[in-house]
Amino acid sequence: PEAPAWAADIALAYESTAQGQFVLSGNVHDRIPIGGQLVNLGGFIEKELLASFQVIFTFDLGNGLRIARGSELLGDWSGLKRLDPIIRQPLPAIELISSCLRYQANLGVLRKAEPLHVACVLRSADDILPATGSWTYESGGIASLLRDWAGEAPFCDLPFISLIITDNVNDLHPSVAFNPRAARIRVPLPTARTLDSALKLLRRDHAAGFDSGTDDSTMAAALTGVAVTAVEALSKQRAHQKQPIRSQDLVEIKKELVERESAGLIEFIESPRSLADFEGNEPLKTWLRQDVTLWKTGDLKALPKGYLICGPVGTGKTFLVECLAGEAGVPVVKLKNFRDRWVGSSEGNLEKIIGLVRALGRCMVFIDEADQSLGRRSADSSDSGLSGRIYSMIAQEMGDPDTRGHVIWLLASSRPDLIEVDLKRPGRVDVKIPLLPTTTAAESAKLLGMLCKRFGLVVTPEQLQGLGKKLPLLLTPGAAEAIAVKAYRLSKTQSLEALKAIDACLTGYQAPVPENVLKFQMRLAVREATDLAFVPESLRGLASEDGAGALA
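The sequence shown runs 21 to 572 under our numbering.
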């Protein structure tokens, strides 16, 4: 009853004779609470999952080939003599296991005896048969035998199971990893229920690391997405320091542990802001607040799968994400550069990120510069098809209907036209939000005044409008902040009043982005908008070809 769901899936597939080979990937280095103790995956497989098997072979590059159980049952099999010294080369080891299985099959034919139940566990299989590297006769031989184990006689006719363990399925040679006769089993990060069981055991063994006023179930719910090994290490450290884990520490602890476990592939966005800090565009803020309310009340049917935030550079796309994150009060995960130079490594990194996102429960996933990060549908010979594979993985995850209301994707881009149409369709991205620069002197004055106020420069919008033509139009928050910083500097270095400092900054001012580029990106953003209510009335004409021509 304590066994994880993935183990039950293996048991069902094997006992029904549907499949006998399983490729395990994901959280394969974690600990599992079972039988009143924490055991690693290898221990769980040998002692629990394979408890009824009479012979168990194990192999990895470090320990070589071992018979973990049942060597005395192999009788006169000549292969036993070859195990001394230990075989450390992969191909001879796998050939020897195959020889033993054929020996068992022959005994069954000759003696009509019941064959032994045999299991083989290959650990760190991506080191044995990696996806990268040039093809050799040895790697071809290993792949051929492993594929035979999955579905060729005599192996598939015997009570034989093979478990191939790898961190990421994309790191394993594709002829084995994606063999249609083998089952791919994803070992997920622990659920809140698993963490609750683990915390009870850790509290028992390291009581000094826990606050008596902190409930295990509450801690488990707060730490979803964190591996048991990370929680175990933390509890041991806190017990040694006599500093119990407190409930108010859990958010920071989770952030630190998840970022460490993800090997720098993601980071958490912590935001003290809310949508009240986002100036203007009231229809947009109303829509987003309604979505947040639906999310908090658990009414998930009307929630979008994702948002596309588009607009010219400097219009505050990341700032809006921070405001939305603070308003929703859920973890916001930002994807860092998961692309790698090695073949298969980028896919493995993305696979790890997707597993983590699913384990976090309710969260938002932020992808900045989405036009560059999300890949392309068409294969590109310059990157060996990496862009197409990345696109396929992300598209599949974004389109999964089971994640609606649990994971919301936030894509930001100044060039939404470069994002594949399939990734922007409803069911993956349901709401497209345009962020645009100011179009009137009043809007520019309000924006600049607000940003100057953050630096202690108090000026009214009316005073700023009094600057006349010096006050720029098509002003973005990024450009306005640059003006405010320069004005603050002048006020300190030259002792100028706020208005005079701003006036000096606007004398000879040049926009940081060329006007033709800004207008082009504005047109793209307006054309993408799912609702023209998000667009200022003065710019709604850009949604038509005539309006785009007028702007040009």
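Just so it is clear, CB atoms sit at the ideal spot from N, CA and C, and this is done for glycine as well. Please read these numbers as outputs of a predicted model, since none were measured by experiment.
Bridge-paired residues (DSSP) for residue i
i	result
TYR327	LEU430, VAL451
PHE79	LEU85, LEU142
CYS120	Answer is none; CYS120 lacks a bridge partner.
GLU287	LYS354
ALA203	PHE42
LEU58	PRO53
ASP185	Inspection of the sequence shows that residue 185 is occupied by Ile rather than by Asp. Note: ILE185 sits in a beta bridge opposite LEU44.
PRO385	The residue asked about is misnamed: residue 385 is Val in this sequence, not Pro. VAL385 is bridged to VAL353, TRP429.
ILE374	BP columns for ILE374 are empty, so no partner.
PRO150	LEU192
PHE180	VAL138
PHE230	ILE265
Given residue i as reference, the closest of the options once Cα atoms are compared
i	options	result
CYS140	SER294, PRO200, LEU85	LEU85
ASP391	PRO421, ALA379, LEU438	LEU438
THR523	LYS489, ASP450, SER195, ALA228	For clarity, residue 523 is Asp in the given sequence; the question names Thr instead. Ranking LYS489, ASP450, SER195, ALA228 by Cα distance to ASP523 puts LYS489 first.
LEU285	ASP420, GLU371, GLU557	GLU371
ASP231	ALA242, GLY245, ASP168, LYS262	LYS262
SER237	LEU209, LEU270, HIS226	LEU270
TYR34	ILE87, PRO179, GLU115	PRO179
Rounded Cβ spacing between residue i and residue j (contact assumed at less than 8 angstroms)
i	j	result
LEU418	GLU367	With the sequence shown as reference, residue 418 is identified as Met, and Leu is not the correct amino acid for it. Going by Cβ atoms, the distance from MET418 to GLU367 rounds to 16 angstroms, so no, they are not a contact pair.
SER45	ASN188	6 angstroms
VAL138	PHE42	Not a contact, Cβ separation roughly 15 angstroms.
GLN416	ALA203	18 angstroms between Cβ atoms; not a contact.
LEU487	ALA518	That belief does not hold up - the Cβ atoms of LEU487 and ALA518 are roughly 12 angstroms apart, past 8 angstroms.
SER119	ALA163	Contact flag wrong, Cβ pair sits at about 18 angstroms.
VAL350	ARG382	5 angstroms
GLU290	LYS354	Their Cβ separation, rounded to whole angstroms, is 11 angstroms, which puts GLU290 and LYS354 out of contact at 8 angstroms.
PRO436	LEU516	Actually they are not in contact, since the Cβ atoms of PRO436 and LEU516 sit about 41 angstroms apart, beyond 8 angstroms.
ILE148	VAL48	Not quite, the Cβ-Cβ distance comes to about 14 angstroms (not below 8 angstroms), so this is no contact.
THR214	PRO24	7 angstroms
ILE593	PHE358	Nothing can be reported for residue 593: it is not among the residues displayed for the chain, which extend from 21 to 572.
LEU340	PHE298	6 angstroms
Beta-carbon proximity list for residue i, same chain, < 7 angstroms, skipping 5 on both sides
i	result
GLY567	The predicted model places GLY567 with a pLDDT of 49, which falls under 50 and marks its position as unreliable; any figure quoted below should be read in that light. Counting only Cβ-Cβ distances below 7 angstroms, and skipping sequence neighbours, we find GLY561.
GLY128	PRO135
THR480	GLY469
LEU93	GLN74, VAL75, LEU136
LYS506	CYS525
ASP29	ILE205
ALA240	ALA212, LEU215, ASP216, LEU219
Outcome for residue i when other beta-carbon atoms lying within 10 angstroms are tallied against a minimum of 16
i	result
GLY375	buried
ALA151	buried
TRP429	buried
ILE106	exposed
ILE503	buried
HIS260	exposed
VAL441	exposed
SER281	Correcting the residue type first, residue 281 is Glu in the shown sequence and not Ser. Looking at its Cβ environment, which holds 16 or more other Cβ atoms inside 10 Å, GLU281 is buried.
SER182	buried
TYR508	buried
TYR157	exposed
SER434	buried
LEU559	buried
ALA322	exposed
LYS473	exposed
ASN126	exposed
ALA173	exposed
PRO457	buried
ASP96	exposed
ASP104	exposed
Contacts around residue i, its chain only, beta-carbon distance under 8 angstroms, and the 5 residues preceding and following it disregarded
i	result
ALA549	LYS452, ILE453, PRO454, VAL555, ALA563
ALA113	PHE79, GLY84, LEU85, ILE107
LEU308	LEU295, LEU344, GLU347
GLN57	LEU221
ALA27	PHE64, GLU68, LEU69
Cβ shell of residue i (< 6 angstroms), same chain only, five flanking positions each side left out
i	result
LEU471	ALA500, GLU501, ALA504
ALA218	PRO53, VAL248
ALA553	PRO303
ALA572	Unreliable placement is indicated for ALA572, whose pLDDT of 47 sits below 50; the coordinate value is still reported in the next sentence. Taken in chain order, the list of residues that qualify is empty.
ALA570	In this predicted model, ALA570 has a pLDDT of only 47, less than 50, meaning its place in the structure is not dependable enough to derive any value.
GLY395	SER407, ILE410, TYR411
LEU142	PHE79, ILE184
VAL59	ILE52
LEU538	PRO332, LEU494
ARG266	ASP231
Proximity test, Cβ basis, 9 angstroms: residue i and chain D
i	result
LEU308	Here there is only one protein chain, and chain D is not present.
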